[in-house]
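Following: one structure in C-alpha cells, then a few remarks.
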Amino acid sequence: MQFNNVTELVNLCETHNFPIWEVMVRQEIHLTERSREEIIEDIEHKVDVMEASIARGDTGVTSYSGLSGGDARKMFDYKQSGKGLSGDFVLEAISAALAVNEVNAAMGVICATPTAGSAGVVPALLSACSKKMDLTLEQKVQFVLTAGAMGLCIGNQAPLAGASGGCQAEVGSASGMAAAAMTYIAGGSPQQSADALAMALKNILGLVCDPVAGLVEIPCIKRNAMGVVNAIAAAEMALAGIESKIPADEVIQTMGHIGQLMPAALRETALGGLASTATGKRYAEELANKREETLSD
50 MQFNNVTELV
60 NLCETHNFPI
70 WEVMVRQEIH
80 LTERSREEII
90 EDIEHKVDVM
100 EASIARGDTG
110 VTSYSGLSGG
120 DARKMFDYKQ
130 SGKGLSGDFV
140 LEAISAALAV
150 NEVNAAMGVI
160 CATPTAGSAG
170 VVPALLSACS
180 KKMDLTLEQK
190 VQFVLTAGAM
200 GLCIGNQAPL
210 AGASGGCQAE
220 VGSASGMAAA
230 AMTYIAGGSP
240 QQSADALAMA
250 LKNILGLVCD
260 PVAGLVEIPC
270 IKRNAMGVVN
280 AIAAAEMALA
290 GIESKIPADE
300 VIQTMGHIGQ
310 LMPAALRETA
320 LGGLASTATG
330 KRYAEELANK
340 REETLSD
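This is the structure we're talking about:
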C-alpha cells in the first residue's frame, strides 16, 4: 500500500475504508521494514518531544542572540487572564506555536514538522485539539501520522525548505499538514482533510523567507502563530463542507513553481524582505559586532 500524492492517498483511504493515518502506517511498514509497534512507539516519542517543547517555551526562554524570547509566556499569561477575544482554542494554539519556536531559537529540542523553522504549527494545533477534545495518546499519534502523510505528499512534489521555496514551503506546508490533521481528528473525511490542506496552503502561497540576521527568529517565530491560525480556519471551512476548487496536488505543485520563480534574496539568504529593512540591518550589525567581541575575548 503506497502513495506519492494526495490523490493517491485519498483514493486508498476510500477504496479500503481506512483513515489517512492507517494508510501512512502501512506505507511506513513497507518502506522502513519496521513493525507497527515500532512505528507507533516512534510517533509517541515525537508527541512527547512536541509537548515538552511547548511546556518549556511556556515558562519563558530567550535565544542566544537575544532577538527573541518570552513572547510565548506573555501569550500564555494573556490566555490565562480571560481577556482574550479569540477563545481558548485559538489562544492555546498561538501560545504553543510561539513556545515551540522560541525553544528552537534557544537551541532546545523540538520535532521538525516538517522543518525546524516551522516546527510550532503542528504541535500547537495538536495541543489545542488535545485540550479541547481530551485526546488520548492513541489519538495524538493518529493526528501526527495524518499530518506526516500530508507532509510526505507535499515533499514528493515541492520543496519543504525555505532556501528552496520560501517560507510558503515551510510554514505553508506545516499549516496544511496541521489543517488536515485537525480535520481528521474532528471527524472529517480523507477528502475533507485534503481540502483543508489545499485551502491552508493556498492562503500562504508566495510567502517569502527573509530571516533577520540570517537567524530563524524574526519573523519566523510569529509566522508559526499565523500558520496555526490559518490551519484552524482551513480545517473549519473543510469541516463545514467547503471544498477547495483547486485540487490539493495542484496547489502543492503551484507552490513548488512559485518557489522556483522567487529571487534568491527572498529565499532564506537574509538579503531581502524584512532582513533588508533598516532595523533588520541594524540587528544584523549588532550581532556581528557581538560575535567579534566574543571571539576576541
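For the sequence shown, the working numbering gives the first residue as 50, with consecutive numbering after it. Glycine included, every Cβ here is placed at the ideal spot set by N, Cα and C. Here the structure is a predicted model, which means the values were calculated and not measured.
Roughly how many angstroms lie between the CA atoms of A121 and V261, to the nearest whole one?
Rounded to whole angstroms, A121 to V261 spans 20 Å at the Cα level.
Excluding five sequence neighbours on each side, which residues of the same chain lie with their C-beta closer than 8 Å to the C-beta of G308?
Same-chain partners within the cutoff: A207, P208, S213, G214, G215, Q217, A218, R316.
Give me, in chain order, the residues of the same chain whose beta-carbon lies closer than 8 Å to that of Y332; leave out the 5 immediate sequence neighbours on both sides.
Cβ neighbours of Y332 beyond the five flanking positions: L116, V261, A262, I267.
Can you tell me whether DSSP reads C160 as helix, strand or coil?
Note: C160 maps to coil in three-state DSSP.
Report yes if the CB atom of A319 is closer than 8 Å to the CB atom of D259, and no otherwise.
Yes. Within cutoff.
Please return the same chain residues whose Cβ sits closer than 6 Å to the Cβ of Q302, not counting the five positions on each side in sequence.
When the five nearest sequence neighbours on each side are left out, the beta carbons in the same chain lying within less than 6 Å of the beta carbon of Q302 are those of Q206, in order along the chain.
CB-CB length for A229 against T195, believed under 8 Å:
Contact between A229 and T195 holds, with the beta-carbon distance rounding to 6 Å and staying under 8 Å.
In DSSP terms, what G118 is bridged to:
Secondary-structure assignment with DSSP links G118 through a beta bridge to T111.
Quick one: grab the DSSP three-state call for V316.
Checking the displayed sequence, the identity of residue 316 turns out to be Arg instead of Val. DSSP places R316 in strand when its eight states are reduced to three.
On the CB-based measure, 16 or more other CB atoms within 10 Å of its CB, does N279 come out buried or exposed?
Counting Cβ neighbours within 10 Å, N279 comes out buried, since at least 16 surround it.
Residue closest to L175, alpha-carbon to alpha-carbon, out of S84, A289, V277:
It is V277.
Near F125, what residues of its chain come up, given a Cβ to Cβ distance below 8 Å and the 5 sequence neighbours on each side ignored?
The answer, listed in chain order, is D107, S144, A148.
Which residues bound the alpha helix (DSSP H) around F138?
Element bounds for F138: 137-154.
From the DSSP secondary-structure annotation, give me the bridge partner or partners of C258.
Under DSSP, C258 forms a beta bridge with R316.
Using C-beta distances below 7 Å, list every residue in its chain close to M286, excluding the 5 sequence neighbours before and after it, in chain order.
Excluding sequence neighbours, M286 sits near M248.
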